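First comes the structure, then the notes that go with it.
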Amino acid sequence: MKKQLLIAAVAATMTSAAMADISISGDAKFEYQNIEATGVANTNKTNTEVNLNLRGKSGDTSVVVDVASDGANGLVVEDQYLTTKVGDVTVKAGNYATGTSSILGEIEEGDRSNSKVTLTTTLGGATVYVGNSGSSTASTGFTAINNNMFAGVSAKVAGFTVQAKHNSETTDSFGIAGDVAGVSVRLETMNVDGANKDVTFGNITTDVNGVSLGYAWIDADANGLIKETDSSIFAVENGLSGYEGDSNSQVTAKTSMAGNTVTVKAGTIGFATAADLDYTQVGVTRPLASGATLAVTYTNADVTTTTDKKTFEAELSVKF
10 MKKQLLIAAV AATMTSAAMA DISISGDAKF EYQNIEATGV ANTNKTNTEV NLNLRGKSGD
70 TSVVVDVASD GANGLVVEDQ YLTTKVGDVT VKAGNYATGT SSILGEIEEG DRSNSKVTLT
130 TTLGGATVYV GNSGSSTAST GFTAINNNMF AGVSAKVAGF TVQAKHNSET TDSFGIAGDV
190 AGVSVRLETM NVDGANKDVT FGNITTDVNG VSLGYAWIDA DANGLIKETD SSIFAVENGL
250 SGYEGDSNSQ VTAKTSMAGN TVTVKAGTIG FATAADLDYT QVGVTRPLAS GATLAVTYTN
310 ADVTTTTDKK TFEAELSVKF
């Protein structure tokens with residue numbers, strides 16, 4: 010009996026040690042959407058999405074696997090990569106995407122790339138990185154690195170974060186972000202070889218008497234150069250079908266009221282050879298006692314100068 014207890018205790022200790030560096034987190038949401046468009050029958054639809062984030066760690070090496078499941082695509086493995094250290098260099102390798110907080114994140118789509126490698130180190134206080142963006146589609150073999158190499162640097166200069174990146178053979182980007190007397194500023198530009206292909210993005214935010222105010226804009230040399238469709242800032246993105254204009258300007262106000270976070274956005278998408286399209290959005294977010302969060306959003310966006318689309322969305326979500 011004593012031997013059995015000893016074996017059980019050792020086994021439990023070994024299991025705990027083996028599982029200590031593995032974690033699972035995630036989020037889930039249920040969405041309802043009603044769309045009312047001029048001259049088109051109303052649309053009602055729902056969607057359920059569950060995301061699981063698996064993390065494993067062994068010394069300086071971490072492994073990330075993000076799995077998503079929704080009604081449209083079923084079970085999909087999204088990000089899957091590892092990070093490790095080779096001397097003073099951090100290596101990130103696998104399949105992953107850039108977010109809208111990254112340089113040019115509000116301009117380009119940030120597609121998930123496969124067989125992607127990023128090497129990062131610090132030189133003289135600046136973060137320097139180089140890598141291969143790999144293929145934007147699934148691949149079962151090696152991915153060619155020709156024409157897909159990128160390199161960049163990020164450094165703190167007088168309190169500002171200054172960035173420069175060689176995105177590809179034809180594209181370079183530059184950015185600066187920081188605070189000036191209580192005003193947060195983010196400016197970025199994409200310079201592309203050839204005529205009429207550049208894009209500039211800016212975002213300015215500040216707080217006034219408990220209200221967060223913001224002004225964001227994108228200006229391109231031509232229609233269709235702005236590709237982002239899942240912006241973290243704009244209520245209606247230029248990359249969406251029908252809104253592929255050459256500019257976008259938006260004002261935002263956000264405040265707290267009776268335990269709710271209320272956000273109002275109003276903006277205009279401009280076109281080089283067509284009339285501007287206006288949009289407004291009102292959103293209310295409230296944490297529930299159950300641990301979930303309820304978000305309700307109403308968006309009214311012009312489709313043409315004489316027609317519009319009204320979208321009501323209700324989302325119940327939870328993080329764990």
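All the letters of the sequence shown, read from the start, carry residue numbers 10 to 329 under my numbering.
Backbone N, C-alpha and C fix where the C-beta goes; we use that ideal spot for every residue, glycine too.
These numbers were taken from a predicted model, which means no experiment stands behind them.
Residue(s) in a DSSP beta bridge with residue i
i: residue 206; result: Answer is none; residue 206 lacks a bridge partner.
i: residue 258; result: 226, 277
i: residue 31; result: 65
i: residue 310; result: 288, 318
i: residue 405; result: A question about residue 405 goes unanswered here, because the residues of the chain that appear run from 10 up to 329.
i: residue 142; result: For residue 142, which the question treats as bridged, DSSP gives no partner whatsoever.
i: residue 299; result: Per DSSP, none; premise fails for residue 299.
C-alpha gap between residue i and residue j, whole angstroms
i: residue 185; j: residue 197; result: 7 angstroms
i: residue 31; j: residue 100; result: 20 angstroms
i: residue 177; j: residue 204; result: 17 angstroms
i: residue 243; j: residue 308; result: 12 angstroms
i: residue 304; j: residue 97; result: 43 angstroms
i: residue 167; j: residue 188; result: 10 angstroms
i: residue 324; j: residue 133; result: 46 angstroms
i: residue 112; j: residue 169; result: 14 angstroms
i: residue 160; j: residue 316; result: 45 angstroms
i: residue 94; j: residue 329; result: 29 angstroms
i: residue 207; j: residue 230; result: 6 angstroms
Residue range of the beta strand (DSSP E) that includes residue i
i: residue 183; result: 180-189
i: residue 73; result: 70-79
i: residue 238; result: No beta strand (DSSP E) contains residue 238, which DSSP labels as neither H nor E.
i: residue 121; result: Careful: residue 121 lies outside any beta strand (DSSP E) and carries neither H nor E.
i: residue 197; result: 192-201
i: residue 218; result: Premise fails: residue 218 is in no beta strand (DSSP E) and is neither H nor E.
i: residue 104; result: 98-105
Cβ distance (whole Å) where residue i is taken to contact residue j below 8 angstroms
i: residue 248; j: residue 227; result: Not confirmed; about 10 angstroms, so no contact.
i: residue 35; j: residue 60; result: 5 angstroms
i: residue 137; j: residue 130; result: 6 angstroms
i: residue 269; j: residue 293; result: 5 angstroms
i: residue 279; j: residue 254; result: 5 angstroms
i: residue 277; j: residue 263; result: Not quite, the Cβ-Cβ distance comes to about 19 angstroms (not below 8 angstroms), so this is no contact.
Reduced DSSP category for residue i - H, G, I as helix; E, B as strand; rest coil
i: residue 90; result: strand
i: residue 252; result: coil
i: residue 177; result: coil
i: residue 329; result: coil
i: residue 128; result: strand
i: residue 37; result: strand
i: residue 213; result: strand
i: residue 267; result: coil
i: residue 110; result: coil
i: residue 84; result: strand
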